[in-house]
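Residue numbers for the sequence shown follow full-length UniProt numbering, beginning at 1 and rising by one.
C-beta atoms are modelled at their ideal positions from N, C-alpha and C, and glycine is treated no differently.
Since we're looking at a predicted model, the values are computed, not measured.
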Amino acid sequence: MQNGQNQTFVKPNSLFSGGSQPNLFRSFVSNKGENMNHNVNDIESKSQSSTNANTPMASPVKSVNLLPEVPNTTNVRKLTPKEEHDCQVIERLIRSYFLIIRKNIQDSVPKAIMHFLVNYVKDNLQSELVTHLYKQENFDNLLKESDQIAIRRQEANEMLK
Numbered sequence: 001m002q003n004g005q006n007q008t009f010v011k012p013n014s015l016f017s018g019g020s021q022p023n024l025f026r027s028f029v030s031n032k033g034e035n036m037n038h039n040v041n042d043i044e045s046k047s048q049s050s051t052n053a054n055t056p057m058a059s060p061v062k063s064v065n066l067l068p069e070v071p072n073t074t075n076v077r078k079l080t081p082k083e084e085h086d087c088q089v090i091e092r093l094i095r096s097y098f099l100i101i102r103k104n105i106q107d108s109v110p111k112a113i114m115h116f117l118v119n120y121v122k123d124n125l126q127s128e129l130v131t132h133l134y135k136q137e138n139f140d141n142l143l144k145e146s147d148q149i150a151i152r153r154q155e156a157n158e159m160l161k
């Protein structure tokens, strides 16, 4: 397949097939005419030949370049009307998807608050109140008659006499 920039991109028949052909990561002929084929077997043999059994292992920080160099020129082409339409449709679908997700998250926030905060308070409020109510040091204060109640009781006694 040629792209008009003097670069030939080779598409393997089946990248994931179990056939006898090697799996190519990417194969192309650069502007200089040199063929840059990278396949799994070549990379494995290069990595094994660089470290033999007598030498220490290579540093894990050392990078392995699995991809060819980036071409200097890029092929910029206009999209066909069908491709533009497809891009617009995909963009609208993604926007609507994110709006749906945003709405779901907005709906789940009050539910989460209700679940974690309100239900916890509802379940534990009575036990907490009973715990504070039955403390020994509060008995005298709780059983003491307030001044207003004492006055009303005296007035009610006088009215009954």
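Taking only three categories from DSSP, how would you classify residue 77?
Locating residue 77 in the sequence shown gives position 77, where the first residue counts as 1. Residue 77: coil per DSSP, three-state reduction.
From what residue to what residue does the alpha helix (DSSP H) around residue 122 run?
By 1-based counting over the sequence shown, the position of residue 122 is 122. 119-133 is the span of the alpha helix (DSSP H), which, as asked, contains residue 122.
Have a look at residue 157 and residue 115 and give me their C-alpha separation to the nearest angstrom.
Counting from one through the sequence shown, the residue named residue 157 turns up at place 157. Counting from one through the sequence shown, the residue named residue 115 turns up at place 115. Roughly 52 Å between the two C-alpha positions.
Taking the straight line between their C-alpha atoms, what separation do you get for residue 106 and residue 68?
Start at 1 with the first residue of the sequence shown, and residue 106 comes out as number 106. Start at 1 with the first residue of the sequence shown, and residue 68 comes out as number 68. In a straight line, the C-alpha of residue 106 is about 46 Å away from that of residue 68.
Given this structure, state the Cα-to-Cα distance separating residue 81 from residue 90, to the nearest angstrom.
On the sequence shown, position 81 is the one that residue 81 refers to. On the sequence shown, position 90 is the one that residue 90 refers to. Taking the straight line joining both Cα atoms gives about 14 Å.
Looking at the structure shown, is residue 111 part of a helix, part of a strand, or coil, going by DSSP?
Within the sequence shown, residue 111 is the residue found at index 111, counting from 1. The answer is helix: DSSP assigns residue 111 an H, G or I state.
Grab me the residues of residue 130's own chain with a C-beta within less than 7 Å of its C-beta, minus the 5 sequence neighbours each way, in chain order.
Walking along the sequence shown from the start, residue 130 turns up at place 130. Counting only Cβ-Cβ distances below 7 Å, and skipping sequence neighbours, we find nothing.
For chain B, find out if any of its Cβ atoms is closer than 9 Å to the Cβ of residue 77; answer yes or no.
Included in the structure is just one protein chain, with no chain B present.
Could you check the C-alpha separation between residue 84 and residue 99 for me, to the nearest Å?
For the purposes of this step, residue 84 is identified with residue 84 of the sequence shown, where counting begins at 1. For the purposes of this step, residue 99 is identified with residue 99 of the sequence shown, where counting begins at 1. Their Cα atoms are separated by approximately 22 Å.
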